[in-house]
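Quick mapping for you: the protein sequence lines, in order, are chains A and B. Going by this note's numbering, the first sequence opens with residue -19, and the numbers climb by one from there. Going by this note's numbering, the second sequence opens with residue 701, and the numbers climb by one from there. Think of the CB as a built atom: it goes at the ideal place given N, C-alpha and C, for glycine as much as any other residue. Everything numeric in this text was worked out from a predicted model, so none of it was measured. To keep things clear, I will list the structure first and then write my remarks on it.
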Amino acid sequence: MIAKIMTNEWTLLAREWATYIALPIYAVFLAYGVANGTAWKSFLQENVAEAKALANEGFEKKLDKIDKIIAGEEHSFSEDPRVAGPLARYKGYEFATKPPLPTAAIAIGQSDVAPSYLKVQWRPMFKQQNVDEIENPENLAAGAFDLSFVLIYLFPLLIIALSYNMLSAERESGTQVLLLSQPVPVHKFVLAKILLRGGLVIGLAVGISIIGLLISNPDMLAPSSLWRVGALAVILVLYGLFWFGVATAVNAMGQKSATNALVMMASWIFLVLIAPAVLNLAAKSFYPLPSRIEMVQAMRLGDEQAAKESGFERAYRADLLRKSEEAALEASVNDFYLKVLPLEKQAEAIASPIFEKFESRKKQQQNFAENLKYLSPAAITQIAISELANHSAANFNDFNEQVAQYHEEWRNYFFQPVMENRKLSRAEVVNIPRFTYEPESDGVVAGRIFGNVVALFLFAAAVIWFGFTQLRRYSPAKR
Amino acid sequence: MTEYQTISNIRQPRPDEKGAGRTAAATKEALIKAVSLRKDYDGHLALKGLDLQIAPGEIYCLLGANGAGKSTTINLFLDFIKPTSGQAFINGFDVQEHSTETKKFLAYIPEIVMLYRNLTGLENLRYFSGLAGHDHYTDADLRSFLNEAGLPKDAPDRRVGGYSKGMRQKVGIAIALAKQAKVLLLDEPTSGLDPKASNEFSELLLKLSQEGVSILMATHDLFRAKETGTRVGIMRHGELVDDLFTEDIGHADLERLYLEHMHD
Chain A
-19 MIAKIMTNEW
-9 TLLAREWATY
1 IALPIYAVFL
11 AYGVANGTAW
21 KSFLQENVAE
31 AKALANEGFE
41 KKLDKIDKII
51 AGEEHSFSED
61 PRVAGPLARY
71 KGYEFATKPP
81 LPTAAIAIGQ
91 SDVAPSYLKV
101 QWRPMFKQQN
111 VDEIENPENL
121 AAGAFDLSFV
131 LIYLFPLLII
141 ALSYNMLSAE
151 RESGTQVLLL
161 SQPVPVHKFV
171 LAKILLRGGL
181 VIGLAVGISI
191 IGLLISNPDM
201 LAPSSLWRVG
211 ALAVILVLYG
221 LFWFGVATAV
231 NAMGQKSATN
241 ALVMMASWIF
251 LVLIAPAVLN
261 LAAKSFYPLP
271 SRIEMVQAMR
281 LGDEQAAKES
291 GFERAYRADL
301 LRKSEEAALE
311 ASVNDFYLKV
321 LPLEKQAEAI
331 ASPIFEKFES
341 RKKQQQNFAE
351 NLKYLSPAAI
361 TQIAISELAN
371 HSAANFNDFN
381 EQVAQYHEEW
391 RNYFFQPVME
401 NRKLSRAEVV
411 NIPRFTYEPE
421 SDGVVAGRIF
431 GNVVALFLFA
441 AAVIWFGFTQ
451 LRRYSPAKR
Chain B
701 MTEYQTISNI
711 RQPRPDEKGA
721 GRTAAATKEA
731 LIKAVSLRKD
741 YDGHLALKGL
751 DLQIAPGEIY
761 CLLGANGAGK
771 STTINLFLDF
781 IKPTSGQAFI
791 NGFDVQEHST
801 ETKKFLAYIP
811 EIVMLYRNLT
821 GLENLRYFSG
831 LAGHDHYTDA
841 DLRSFLNEAG
851 LPKDAPDRRV
861 GGYSKGMRQK
871 VGIAIALAKQ
881 AKVLLLDEPT
891 SGLDPKASNE
901 FSELLLKLSQ
911 EGVSILMATH
921 DLFRAKETGT
931 RVGIMRHGEL
941 VDDLFTEDIG
951 HADLERLYLE
961 HMHD
């Protein structure tokens, strides 16, 4: 019986001209989303490669210079890359990069606001000059037209367009009384309609997304990416079912098509647009970040206080003046770094409470938003899809932590030689630790996504259950 | 019509002519039955405890002004609305408890038959027959139902969007015929039909009645009720105020009786 109703629904859809406009446009949007995401992934790849190349080049040049110096080339003190202080502070640098995963094309996520590479030197990461990619502010404001945009925003719209009147239209056109005078209960009609429309809309979304992604990103054909593709399919099916459930519940109320359309659009606006925005706003007002200016001031205060406490002054002492110019410079530089590095550490320690406050507030904000996402299936889906692309807030937090750890490592590597007032050996320069990004393990990411999938499932099951329960009271008779 | 005859032959007993089953009908198990059927719409009493039994072969015509409770009665038998109290039975099954089951035995023709505009008359009939469980009809079978219902020969392959109200009504009749139901529920079914088609429809009803079908028809057409019906009931303010056999009353008497009930 279900198959019969589905066949009839298919015939009806196939004879509706709007179908031939809506479905191709939707397919084009999906394909365009895939293409856009793939282009963004290449952009990230290029950026990361460029940054890495820059860092490599820096190290190579220094080694080259060291080799020449060892071979006996004439050089001044300031030209020698082996001097630990300047190398640690400004001459040497690493670009900590977060290369995109093969699945990066799924969603731009946070990757347009959070940098995928960071310059690491001695100075605290906070003071590090901004080397972010420059993104068109208009894009940032509107959000990019990537696959996740199509799936989270447009996919439910098509579902709404196809299902807001699945019962009301037949009641209004008058066919319903004839239908329901047949020995077929109303829930079978609804089920058949959902199965056909769902098969079409969800099938297209899953099919075009996955085939498009795999064709344009052949590197995704590996187990570590394919499970993410599978998860994407599951998330889309659940998210789609949620919206069909809303349509069922709304239709079961027996209101007019116009009312249904209004209610469904209102739910869309609320769940997709307003709820996530309110969520962020709530997180920001409950856990406000200390102002950046406050942080800068704290940093300066720390510097001053540390300088005062250590009695720091740059060494232009008489004993240095008696030496040759070069020797004086060397002594001065060594003296400076000998003092400035501990001093900076001290200053940072003084300023650290405000930083910690900043960091902990940021974490609280994120946790708060993370927990409240369970208020909106759209927010859950958005976060889950970003996770699949490795572009979620959590993914970037992890990257930043890895960078912070590496930054510590960088400092530790140079601290001793500076304090010992010596030059690094060639081997030591070769062995300067380099940054390698370790993406979070599949298990960790899958664990987080599992929570999202369960939540989406519960959302979908709840509305579908509610809708079908309400259908028992459904009456085709006008009153 | 071989298919139809085969099925209808199973139906027993078969009254020979209109009204002849009067005494027999009374003893037969009623196919349509209402027991203290009551419907209350938020304080407005649409139906005040209806008791009604319609035996096989009977054509029961419900008369009454708009809002008298005729459509409410039919909607209750269709389980489109739930009774406030009382029970409705089709073929012995409680309509509320066996909603889907009872719809196997009944066919319904609403006042305005609406069909899928983008399907042809034939496709509409095929779909509705399929829903009723009659997947076995060939195109020829379906065409003969449409023909029997009086649809012009060239119409079945045209989309319903271009049909007149009368043509749609005829497809509705064909759907009911094809369902081979024991019970027909008709809500002013001839409202879109011209006098000739209306007359042909009456003949169809008589034929079905002879085959043992129970028919409940809400109508405004006193003439048609007297001509076709075996019984008439007059409803007023949700109450069945009169219930009589058409053979016991003349045209003029029926009209006078009806008007009397409407006036007081």
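For residue j and residue i, the rounded distance between their alpha carbons
i       : j      : result
K804/B  : P165/A : 12 angstroms
Y354/A  : A64/A  : 51 angstroms
V276/A  : P413/A : 29 angstroms
K879/B  : A435/A : 46 angstroms
L368/A  : V243/A : 32 angstroms
S312/A  : N377/A : 40 angstroms
M399/A  : L318/A : 5 angstroms
R(-5)/A : Y816/B : 11 angstroms
A87/A   : S799/B : 49 angstroms
E26/A   : P79/A  : 9 angstroms
L778/B  : D887/B : 11 angstroms
D112/A  : D60/A  : Bear in mind that the predicted position of D112/A carries a pLDDT of just 48, short of 50, making it unreliable; the figure below should be weighed with that in mind. Whole-angstrom Cα-Cα distance: 30 angstroms.
A2/A    : L138/A : 8 angstroms
N380/A  : N197/A : 26 angstroms
L261/A  : F348/A : 11 angstroms
D942/B  : D894/B : 29 angstroms
S366/A  : V320/A : 42 angstroms
A68/A   : P322/A : 13 angstroms
Y741/B  : M233/A : 17 angstroms
L43/A   : F437/A : 57 angstroms
D854/B  : G769/B : 39 angstroms
P357/A  : L221/A : 11 angstroms
W(-3)/A : T155/A : 20 angstroms
A263/A  : A94/A  : 19 angstroms
P203/A  : A384/A : 30 angstroms
Distance CB(residue i)-CB(residue j) smaller than 7 angstroms
i      : j      : result
V795/B : N824/B : no
F224/A : I174/A : yes
A11/A  : G192/A : yes
I915/B : I759/B : yes
S455/A : I781/B : yes
V28/A  : H387/A : no
G938/B : L752/B : no
G786/B : V735/B : yes
F448/A : H167/A : yes
T83/A  : R208/A : yes
W248/A : P104/A : no
C761/B : G929/B : yes
S96/A  : L24/A  : yes
M279/A : A331/A : yes
7 angstroms Cβ cutoff, residue i in contact with chain B
i        : result
K(-16)/A : yes
D112/A   : Any reading at D112/A must be qualified, since the residue scores a pLDDT of 48, below 50, and its modelled position is unreliable; the value itself is stated next. By this cut-off, D112/A is not an interface position.
G234/A   : no
S161/A   : yes
N(-12)/A : yes
G13/A    : no
Reference residue i; option with closest CA among the options
i      : options                           : result
N899/B : Q910/B, G743/B and A925/B         : A925/B
V913/B : D942/B, H836/B, Y808/B and R826/B : Y808/B
N847/B : G821/B, G833/B, M935/B and R859/B : G821/B
N375/A : A426/A, N231/A and G447/A         : A426/A
W20/A  : G89/A, E54/A and R62/A            : G89/A
A172/A : A(-17)/A, M245/A and D47/A        : A(-17)/A
L309/A : L131/A, Y219/A, F57/A and S372/A  : F57/A
L212/A : S189/A, S204/A, A278/A and A227/A : S189/A
N314/A : P397/A, L(-7)/A, Y6/A and T(-9)/A : P397/A
Buried or exposed by the 16-neighbour rule on C-beta atoms within 10 Å, applied to residue i
i      : result
V424/A : exposed
A724/B : With a pLDDT of only 47 at A724/B, under the threshold of 50, the placement of this residue in the model should not be trusted, and no figure is reported.
Y70/A  : exposed
G13/A  : buried
I830/B : First, the residue type needs correcting, since residue 830/B is Gly and not Ile in the sequence shown. G830/B is buried by the Cβ-count criterion.
M245/A : exposed
E717/B : For E717/B, the predicted model reports a pLDDT of 45, less than 50, meaning its position is unreliable; a value from the coordinates is still stated below. Answer is exposed; the Cβ neighbour count stays below 16.
L776/B : buried
D92/A  : buried
Heavy atom of the ligand MG within 6 angstroms of residue i beta-carbon
i      : result
W102/A : In the structure on display, the ligand MG does not appear, and there are no ligands present to speak of.
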